[in-house]
Amino acid sequence: MLTIYKASAGSGKTFTLTLEYIKMLLGSKNEETGQYTLIVNRDKPQRHILAITFTNKATDEMKHRIILELSILAASPDKSNYI
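Following this line, the structure appears as structure tokens:
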């Protein structure tokens, strides 16, 4: 599946890319309901996800946000904007 997001600066692209990455990393989408469910013991799903940005700064920001949100989700899910 290929999804392309095109939007202006400050419109939430990094938030959206981070959300989509975390959903693909941790869950599985039910095609009938559109809902995601957590998958436990999935073998290295990050090896099957490619996220591309056009600047190194945007790449660093997305990587930092993904790591930060995974940390928040693991420690205090109620504090995450991505839950």
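Numbered according to my numbering, the sequence shown spans residues 48 to 130.
Don't be surprised by glycine CBs; every beta carbon is placed ideally from N, CA and C.
Remember, it's a predicted structure, so these values are computed and weren't measured experimentally.
(Q) Could you tell me the alpha carbon to alpha carbon distance between Asn102 and Met109, rounded to whole angstroms? (A) The identity of residue 102 in the sequence shown is Thr, whereas the question assumes Asn. About 11 Å.
**Q.** Ranges of the beta strand (DSSP E) found wholly within the segment 53-83, counting only runs of at least 3
**A.** 74-76
**Q.** Beta-carbon proximity check, Thr84 vs Glu116, cutoff 8 Å
**A.** no
Q) From Leu73, Gln82, Ile130, pick the residue whose C-alpha is nearest to that of His95; which is it? A) Leu73
Q: Inspect the beta-carbon positions of Tyr129 and Ala98 and report whether they are closer than 8 Å.
A: no
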